[in-house]
């Protein structure tokens, strides 16, 4: 309520958005347990962004989750926490696998996400660096969506380093 009261001295619309961004479509939010359609659209938009930010940011009680986890949770929140069309619009403009993320695709190949086409949050473009046996390949670009592939695993830097070290051992022993 403090934030709303402070904003009320200025822009009324901003105050209403700040006040309502924790309300939920199903009426289980706060501070007033307002349900759809009583929640302002901009308050829902800010609410979606706030949830995404909360999940993908470090907290004192837990580490940040990867964006794919947040988007999967939000995908299930349509017409439950937020109006589905708002969640869908947000998801169409976010990358589940940000550029620079190391991934292993369902073929076993390892690569790095180079970009994500608009509207294809879960289907990034990947530059393949290692084959399924962790062997080096001449890097090539792969459109996950057009090749019928999917991201199987997000690799932490240590996992990628391990794969590259394994490749170095194989090269050294031959």
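Residue numbers (the working numbering): 1 to 174.
The beta carbon of each residue, even a glycine, is placed where N, CA and C say it ideally should be.
Predicted model only: the values in this text are computed from it and were never measured.
The C-beta distance from residue 67 to residue 98 rounds to 6 Å, short enough to meet the 8 Å contact threshold. The Cβ atoms of residue 44 and residue 83 sit closer than 9 Å to each other.
A straight line joining the alpha-carbon of residue 17 with that of residue 29 spans about 14 Å. Taking a cut-off of 8 Å on C-beta distances, the stretch 110-117 does not touch the stretch 69-86, as fewer than three cross pairs fall below it.
When the beta-carbon positions are compared, residue 129 and residue 105 stay at least 9 Å from each other. Under DSSP, residue 143 shares a beta bridge with 125.
By the CB criterion at 9 Å, residue 41 and residue 21 fall outside the cutoff. Within the model, the alpha-carbon separation for residue 88 versus residue 77 is close to 10 Å.
Our two residues, residue 19 and residue 33, have alpha carbons roughly 12 Å apart in a direct line. The three-state secondary structure of residue 115, taken from DSSP, is strand. Boundaries of the alpha helix (DSSP H) around residue 69: 67-75.
Sixteen is the threshold: when 16 or more other Cβ atoms of the shown chains lie within 10 Å of the Cβ of residue 24, as they do, the residue is buried.
Within the same chain, and ignoring the five residues on either side of residue 142 in sequence, the residues whose Cβ sits closer than 6 Å to its Cβ are 126, 128.
DSSP places residue 78 within a strand segment (E or B) once states are collapsed to three.
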